[in-house]
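**Q** So that we are looking at the same thing, I have put the structure below in structure tokens.
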Amino acid sequence: MSDARKELPKGYEPENVEARWRAFWEENKSFSPNAEALTPQGAYSIVIPPPNVTGNLHMGHALNLTLQDVLCRHARQLGKQVLWVPGEDHAGIATQNVVERRLKEEGKSRHDLGREAFIERVWAWKEEYGDNIRRQIKAMGASVDWSRERFTLDEGLSRAVRKVFVQLYNEGLIYKGLYIVNWCNRCHTALADDEVEHAPQKTRLWLINYPLEDGSASLTIATTRPETMFGDSAVAVHPEDERYKAFIGKKVRLPLTDRLIPVIADAYVDREFGTGALKVTPAHDHNDWHLGRKHNLECIQVIDDDGRMNGKAGAFVGLPKEEAREKTAAALEEQGFLKATQDYENSVGHCYRCHTIVEPHMSVQWFVSVKPLAEAARAAVPEKMRIVPESWTKTYYNWMDGIRDWCISRQIWWGHRIPAWTCDSCGKLVVQEEAPDICPHCKSTTLTQDPDVLDTWFSSALWPFSTMGWPDETSELKRFYPTSVLVTAFDILFFWVARMMMMGLHFMKEVPFRDCYIHALVRDAQGKKMSKSTGNVINPLDMIDRYGTDSLRFTLTAFAAMGRDIRLSEERIEGYRHFMNKIWNASRFALMNLDEQAPAPLDLGAVSGPHHRWILHRLEALKAEQKAAIAEYRFNDAAQTLYKFVWNEFCDWYLELIKPDMQAGGARKAAAQYVLWTVLREALILLHPIIPFITSEVWAALPGTEHESNLAAMPFPPARDTSAYMDDAARMEMVQAAIVAVRTIRAELNIAPSLKLALIIRPADEAARAAIEEQREAIMVLARLESLIIDASAEAPRVCASDVAGGNEIIVPLSGAVDFAAEVARLDKELLKMDKERAMLSGKLANENYVQKAPQDVVARDRARVAELGDAEKKLQALRERFRQGLQE
RNA sequence: GGGUGGUUAGCUCAGUUGGUAGAGCAUCGGCCUUACAAGCCGAGGGCCGGGGGUUCGAGCCCCUCACCACCCACCA
Numbered sequence: 001m002s003d004a005r006k007e008l009p010k011g012y013e014p015e016n017v018e019a020r021w022r023a024f025w026e027e028n029k030s031f032s033p034n035a036e037a038l039t040p041q042g043a044y045s046i047v048i049p050p051p052n053v054t055g056n057l058h059m060g061h062a063l064n065l066t067l068q069d070v071l072c073r074h075a076r077q078l079g080k081q082v083l084w085v086p087g088e089d090h091a092g093i094a095t096q097n098v099v100e101r102r103l104k105e106e107g108k109s110r111h112d113l114g115r116e117a118f119i120e121r122v123w124a125w126k127e128e129y130g131d132n133i134r135r136q137i138k139a140m141g142a143s144v145d146w147s148r149e150r151f152t153l154d155e156g157l158s159r160a161v162r163k164v165f166v167q168l169y170n171e172g173l174i175y176k177g178l179y180i181v182n183w184c185n186r187c188h189t190a191l192a193d194d195e196v197e198h199a200p201q202k203t204r205l206w207l208i209n210y211p212l213e214d215g216s217a218s219l220t221i222a223t224t225r226p227e228t229m230f231g232d233s234a235v236a237v238h239p240e241d242e243r244y245k246a247f248i249g250k251k252v253r254l255p256l257t258d259r260l261i262p263v264i265a266d267a268y269v270d271r272e273f274g275t276g277a278l279k280v281t282p283a284h285d286h287n288d289w290h291l292g293r294k295h296n297l298e299c300i301q302v303i304d305d306d307g308r309m310n311g312k313a314g315a316f317v318g319l320p321k322e323e324a325r326e327k328t329a330a331a332l333e334e335q336g337f338l339k340a341t342q343d344y345e346n347s348v349g350h351c352y353r354c355h356t357i358v359e360p361h362m363s364v365q366w367f368v369s370v371k372p373l374a375e376a377a378r379a380a381v382p383e384k385m386r387i388v389p390e391s392w393t394k395t396y397y398n399w400m401d402g403i404r405d406w407c408i409s410r411q412i413w414w415g416h417r418i419p420a421w422t423c424d425s426c427g428k429l430v431v432q433e434e435a436p437d438i439c440p441h442c443k444s445t446t447l448t449q450d451p452d453v454l455d456t457w458f459s460s461a462l463w464p465f466s467t468m469g470w471p472d473e474t475s476e477l478k479r480f481y482p483t484s485v486l487v488t489a490f491d492i493l494f495f496w497v498a499r500m501m502m503m504g505l506h507f508m509k510e511v512p513f514r515d516c517y518i519h520a521l522v523r524d525a526q527g528k529k530m531s532k533s534t535g536n537v538i539n540p541l542d543m544i545d546r547y548g549t550d551s552l553r554f555t556l557t558a559f560a561a562m563g564r565d566i567r568l569s570e571e572r573i574e575g576y577r578h579f580m581n582k583i584w585n586a587s588r589f590a591l592m593n594l595d596e597q598a599p600a601p602l603d604l605g606a607v608s609g610p611h612h613r614w615i616l617h618r619l620e621a622l623k624a625e626q627k628a629a630i631a632e633y634r635f636n637d638a639a640q641t642l643y644k645f646v647w648n649e650f651c652d653w654y655l656e657l658i659k660p661d662m663q664a665g666g667a668r669k670a671a672a673q674y675v676l677w678t679v680l681r682e683a684l685i686l687l688h689p690i691i692p693f694i695t696s697e698v699w700a701a702l703p704g705t706e707h708e709s710n711l712a713a714m715p716f717p718p719a720r721d722t723s724a725y726m727d728d729a730a731r732m733e734m735v736q737a738a739i740v741a742v743r744t745i746r747a748e749l750n751i752a753p754s755l756k757l758a759l760i761i762r763p764a765d766e767a768a769r770a771a772i773e774e775q776r777e778a779i780m781v782l783a784r785l786e787s788l789i790i791d792a793s794a795e796a797p798r799v800c801a802s803d804v805a806g807g808n809e810i811i812v813p814l815s816g817a818v819d820f821a822a823e824v825a826r827l828d829k830e831l832l833k834m835d836k837e838r839a840m841l842s843g844k845l846a847n848e849n850y851v852q853k854a855p856q857d858v859v860a861r862d863r864a865r866v867a868e869l870g871d872a873e874k875k876l877q878a879l880r881e882r883f884r885q886g887l888q889e
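Just so we're aligned, residue 1 is where the first sequence starts under this note's numbering, counting upward by one.
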């Protein structure tokens, strides 16, 4: 940022800051890699799961985008060439629905406009509102390459779709056939099996008598759909069913009609269910369809594609099927065919887009013969494509094993038109990429294109390579395919992931992604799925307005790996905003203590001061953990580790410890400035992938960043060898324990923090004495002391409070009245705790099996701890004894 | 019917090769200690769902039961 300001305002104001950095990244094309250039660290690529153009950013997107952004920004820091392709999905049915709804408000239907005008209308809508979701992706701070943005219906992708369709057709993997499909009466289209959602419904079971041809007896069938009886072409019973053996091969008269239908036998029939006799309606039930094929039954369609009864339904023609159901049942009852009705609950399919009840419907559709494709896609896991977490692998296998042919034609207008033409003269089918001028069979020039469009997921399945320019051999494909990882929620594992695998392997001869990371579903605080109808939606944009994008991103990252779903509530986001505030204020403190210029570099290996060496050592541990966590998709670990370092180590201890250095001036101050500057810089780099905005803002304000003001372009800080600092770190921790001990005494005895204490520390040994002496000043400040005696032989005054920390005796002389009884009780409590632990460990060590079989270092550690506890207990007991005497006086 | 995940502090959840448990929020007490009250310092709180097994040792591995979610298939 050009106008790097050296002073940060008192509070962090996300709104301004975020807008500026978004603009900065965009203007600088920070995230557009050069596909021609080679980098030694290699390439890293992700294609965004394209949100629907009709869509609005929801929490699922927010999580999905955040995790991908963390991966991409981190990969850039590691020096990789990163491509993150953005784009949107044309979302056939969903988008068409939106525009149709608008037309309806104008009192029109799509048929009033006609196909071409309607599609123009949808494009116009897309131009006007498509920017909505794009703006929302930008709001999240996603570091995508907008110069490579794609839309599943743009020209390049359409070309890819046509090529794939034609090739699969020529290979015999796409066919056209009569089949029973899931039909949505409202959307007027076929749906794939997985686009149908099942939900229980309360209904009735009607028991209906079908009399034998000769009237000698009747067969009672059970159905939930009496209105489909006009399409019955048989009654089926189990071949072994003694009740009905005599009926097999005979004919029954279909009530309300004069048709005779055969009684057939098939083991498919469940003898236990209903009456054990099943009416077979091949045109209106999936299982009946298969039965009908097997037994060569007639398919009689009685419900039209708008859900109304047709001419075959006699008196009920024109009625909606639900109404016909009641009327048919009434007629049956009237004429004495209805034997009984029972209450019944079954499950019924609904359209996943509009939730209308789906009707099994017989029609001519296009199918992909998926078996061969699925086999290859199955075999590629896990060797070529790894699913993370691995537990999803089995689900993937199960689905691939049970897969059925995929119905890809949709009877809507918005989508990829099927590249198939029928010759008006000879009636033959022509399948090719471009519209034919002439029929290759009969040379006629009048051909009609198939009116259907392709399932949206057909084009989505090509997304990883179609976005990179396939079928051209582009440098993007060469450099960035296969992509590194696909990040998505499990709910589209089948819709999308499995199909990308099939298409990628078939057309690119290579998996579309090396890893597939399945993240959680975002739910509400009660664990319910967020949905508009439930009214429990937390809108990410509201959260961004209220708490800033970084707070939202950090929250989502911190909860990312906590199982299969995230229960999100506003309080959590609010909680992490406190962390942003902490970072902001710590940075302000740093800026107050740094000069205009970057501090003069020091040899960090020679920096004295255990606190510096301790924090540098902790920083190295953080760097290592951060790298490992992100590499393994342990996003929550990465976030938690950063949180703890920044708050509990850097802020709570280090910043307090350098305050005396800053006041001292001279070389001490210079050293503290340099270490502070170094640690803060590196911490900002580590935080940046998760919270890019606030870190960029702070970074630009730091001295020494004038020529590298774009934090997003900074490399991951190289590792520093701090193994020599181990001892310093341990000594620092001992001093911290002493300070905490004093604070605890102060708190428990209700000594005002404003009262400065005179402290005596009796060090455990000479090394401890030296370490404490070295940190004398820090202890004085942090424990709020007026004097400090460090002496193993110092006399404890009669009136005092005490503790043992890290082997050192902490003695706080007290003036005035002391509650001896309270102090004895306090020490007793502590002794009891120690005693319990020591007893447990001693017990273990007394067990010969343990000493023999457990690893030596574990045993040694226990022994050391027992000795330490024994020592501490002895010292505490002596102190306790003094109080007891005081008590008696 | 088939499968998956879960059951750990009041709440929401971590717990990476087995070494008897952690965080945030909430609660309680004390502090405006000049970066931060959106803060600081301290405290309390858990037979890790029940039962059994393997092991010197189990929140973690095996068996079993219970309850809660979810997914797939079927539902005349």
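Backbone N, C-alpha and C fix where the C-beta goes; we use that ideal spot for every residue, glycine too.
Put Thr320 into one of helix, strand or coil per three-state DSSP.
**A** Counted from its first residue, the first sequence places residue 320 at position 320. The sequence shown places Pro at residue 320, not Thr. Here Pro320 sits in strand by DSSP.
**Q** On the three-state DSSP scale, how would you describe Leu655?
**A** Position 655 of the first sequence, counted from the first residue, corresponds to residue 655. Three-state DSSP puts Leu655 in a helix.
**Q** Can you give me the C-alpha to C-alpha distance between Leu686 and Arg417, rounded to a whole angstrom?
**A** Start at 1 with the first residue of the first sequence, and residue 686 comes out as number 686. Start at 1 with the first residue of the first sequence, and residue 417 comes out as number 417. Looking at the two C-alpha atoms, the distance is approximately 48 Å.
**Q** Our contact map puts Arg613 next to Asp721 with C-beta atoms below 8 Å; I'd like the distance itself, whole angstroms only.
**A** As a working mapping, residue 613 is identified with position 613 in the first sequence. As a working mapping, residue 721 is identified with position 721 in the first sequence. Arg613 to Asp721, Cβ: 12 Å. No contact.
**Q** If Val522 sits next to Ile566, beta carbons under 8 Å apart, how far is it from one beta carbon to the other, in whole angstroms?
**A** Indexing the first sequence from 1 puts residue 522 at position 522. Indexing the first sequence from 1 puts residue 566 at position 566. Correct: roughly 5 Å between the Cβ atoms.
**Q** Rounded to whole angstroms, what is the Cα-Cα separation between Met1 and Arg20?
**A** Indexing the first sequence from 1 puts residue 1 at position 1. Indexing the first sequence from 1 puts residue 20 at position 20. Unreliable positioning characterises Met1 in this predicted model, as indicated by a pLDDT of 42, which lies under 50. The coordinate reading is nonetheless provided below. If you take the alpha carbons of Met1 and Arg20, they lie about 9 Å apart.
**Q** Roughly how many angstroms lie between the CA atoms of Leu879 and Ile761, to the nearest whole one?
**A** Your numbering for residue 879 matches position 879 in the first sequence. Your numbering for residue 761 matches position 761 in the first sequence. The alpha-carbon atoms of Leu879 and Ile761 are separated by roughly 13 Å.
**Q** Mind checking Gln335: buried by the 16 CB within 10 Å criterion, or exposed?
**A** What you label residue 335 is simply residue 335 of the first sequence in a count that begins at 1. So Gln335 ends up on the exposed side.
**Q** Tell me whether Ala805 sits in a helix, a strand or coil according to DSSP, three-state version.
**A** Taking the first sequence and counting its residues from 1, the one referred to as residue 805 is at position 805. Note: Ala805 maps to strand in three-state DSSP.
**Q** Taking one C-beta from the region 17-33 and one from the region 686-701 each time, how about it: are there three or more such pairs within less than 8 Å?
**A** In short, these stretches touch, since the Cβ pair count reaches three.
**Q** Among Pro255, Lys163 and Asn182, whose alpha-carbon lies nearest the alpha-carbon of Ile208?
**A** Here the question's residue 208 lines up with position 208 in the first sequence. Of Pro255, Lys163 and Asn182, the residue nearest in Cα terms is Pro255.
**Q** By how many angstroms is the C-alpha of Ser587 removed from the C-alpha of Arg5?
**A** In the first sequence, counting from the first residue as 1, residue 5 sits at position 5. In the first sequence, counting from the first residue as 1, residue 587 sits at position 587. Low local confidence applies: a pLDDT of 46 at Arg5 is under 50, so the model's placement there is unreliable, and no value is given.
**Q** With a 10 Å radius around its C-beta and 16 neighbouring C-beta atoms as the bar for buried, classify Leu178 as buried or exposed.
**A** Residue mapping note: residue 178 aligns to position 178 of the first sequence, counting from 1. Burial call: exposed.
**Q** So, is Gln77 buried or exposed, given that buried needs 16 or more other C-beta atoms within 10 angstroms?
**A** As a first step, residue 77 is located in the first sequence; it is residue number 77 there, counting from the start. Buried, by the Cβ-count rule.
**Q** To the nearest whole angstrom, what separates the beta carbons of Ser409 and Gln365, a pair I think is in contact under 8 Å?
**A** Indexing the first sequence from 1 puts residue 409 at position 409. Indexing the first sequence from 1 puts residue 365 at position 365. Indeed, because the Cβ distance is near 5 Å, the residues count as touching under 8 Å.
**Q** Looking only at its own chain, which residues have a Cβ that is under 8 Å from the Cβ of Asp3, when we skip the five neighbours before and after it?
**A** Taking the first residue of the first sequence as 1, we reach residue 3 at position 3. Interpretation of Asp3 is limited by its pLDDT of 43, a score under 50 that renders its predicted location unreliable; no figure is taken from the coordinates.
**Q** Going by beta carbon distance, what residues of the same chain come within less than 6 Å of Ala628, once the five residues before and after it are set aside?
**A** Along the first sequence, read from residue 1 onward, the residue named residue 628 stands at position 628. So no residue of the chain qualifies.
**Q** My assumption, with CB atoms under 8 Å, is that Lys623 sits in contact with Pro717. Please give the rounded CB distance.
**A** The residue labelled residue 623 in the question sits at position 623 within the first sequence. The residue labelled residue 717 in the question sits at position 717 within the first sequence. Between Pro717 and Lys623 the Cβ distance is about 6 Å, and since that is below 8 Å, they are a contact.
**Q** Going by beta carbon distance, what residues of the same chain come within less than 8 Å of Met229, once the five residues before and after it are set aside?
**A** Here residue 229 refers to the residue found at position 229 of the first sequence. The answer, listed in chain order, is Ile208, Thr223, Leu254, Pro255, Leu256, Lys279, Thr281 and Thr328.
**Q** Can you tell me which residues form a DSSP beta bridge with His906?
**A** Only positions 1 to 889 of the chain appear in this structure, which leaves residue 906 out of reach.
**Q** Under the three-state reduction of DSSP, which class applies to Glu197: helix, strand or coil?
**A** Numbered from 1 along the first sequence, position 197 holds the residue referred to as residue 197. Note: Glu197 maps to strand in three-state DSSP.
**Q** Can you tell me which of the three DSSP states Tyr175 falls into?
**A** Counting from 1 along the first sequence, the entry for residue 175 is found at position 175. Note: Tyr175 maps to strand in three-state DSSP.
**Q** Note down the Cα distance separating Ala719 from Leu619, rounded to an integer number of angstroms.
**A** Residue mapping note: residue 719 aligns to position 719 of the first sequence, counting from 1. Residue mapping note: residue 619 aligns to position 619 of the first sequence, counting from 1. Taking the straight line joining both Cα atoms gives about 10 Å.
**Q** Rounded to the nearest angstrom, what separates Arg204 and Glu322 at their Cα positions?
**A** Mapped onto the first sequence, residue 204 falls at position 204. Mapped onto the first sequence, residue 322 falls at position 322. Approximately 13 Å, taken between the alpha carbons.
**Q** Runs of 4 residues minimum, wholly inside the region 24-50: which ones carry the alpha helix (DSSP H) assignment?
**A** Taking only runs of at least 4 residues, no alpha helix (DSSP H) segment lies wholly in the region 24-50.
**Q** Can Leu83 and Pro33 be called in contact, C-beta distance under 7 Å?
**A** Taking the first residue of the first sequence as 1, we reach residue 83 at position 83. Taking the first residue of the first sequence as 1, we reach residue 33 at position 33. Cβ distance < 7 Å, so Leu83 and Pro33 count as in contact.
**Q** In the structure shown, what three-state DSSP assignment does Ala741 receive?
**A** Within the first sequence, the letter at position 741 stands for residue 741. Reduced to three states, the DSSP call for Ala741 is helix.
**Q** Could you check whether Thr467 and Arg150 sit closer than 7 Å to each other, using their CB atoms as the reference points?
**A** Indexing the first sequence from 1 puts residue 150 at position 150. Indexing the first sequence from 1 puts residue 467 at position 467. Yes, the Cβ-Cβ distance between Arg150 and Thr467 is below 7 Å.
**Q** Can you give me the Cβ contacts of Val607 inside the same chain, cut-off strictly under 7 Å, excluding the 5 residues immediately before and after it?
**A** Position 607 of the first sequence, counted from the start, is the residue given in the question as residue 607. Contacts found: Arg613, Ala671 and Val675.
**Q** Going by beta carbon distance, what residues of the same chain come within less than 7 Å of Gln736, once the five residues before and after it are set aside?
**A** Translated into positions along the first sequence, residue 736 becomes position 736. Counting only Cβ-Cβ distances below 7 Å, and skipping sequence neighbours, we find Trp653.
**Q** What three-state label does DSSP hand Gln953 in the structure shown?
**A** Since the displayed the chain opens at 1 and closes at 889, residue 953 lies outside it and no answer follows.
**Q** Pro482 and Phe507 - do their beta-carbons sit closer together than 7 Å?
**A** The count along the first sequence starts at 1 and reaches residue 507 at position 507. The count along the first sequence starts at 1 and reaches residue 482 at position 482. No, the Cβ-Cβ distance between Phe507 and Pro482 is not below 7 Å.
**Q** Please report the distance separating the alpha-carbon of Arg386 from that of Asp241.
**A** In the first sequence, residue 386 corresponds to position 386, counting from 1. In the first sequence, residue 241 corresponds to position 241, counting from 1. Taking the straight line joining both Cα atoms gives about 50 Å.
**Q** Determine the burial state of Asn185: buried for a count of at least 16 other Cβ atoms within 10 Å of its Cβ, exposed for fewer.
**A** Translated into the one-based positions of the first sequence, residue 185 becomes position 185. Its Cβ being crowded by 16 or more others within 10 Å, Asn185 is buried.
**Q** Does the distance from the C-beta atom of Ile412 to that of Trp289 stay below 7 Å?
**A** The count along the first sequence starts at 1 and reaches residue 412 at position 412. The count along the first sequence starts at 1 and reaches residue 289 at position 289. Result no, Cβ atoms of Ile412 and Trp289 do not sit closer than 7 Å.
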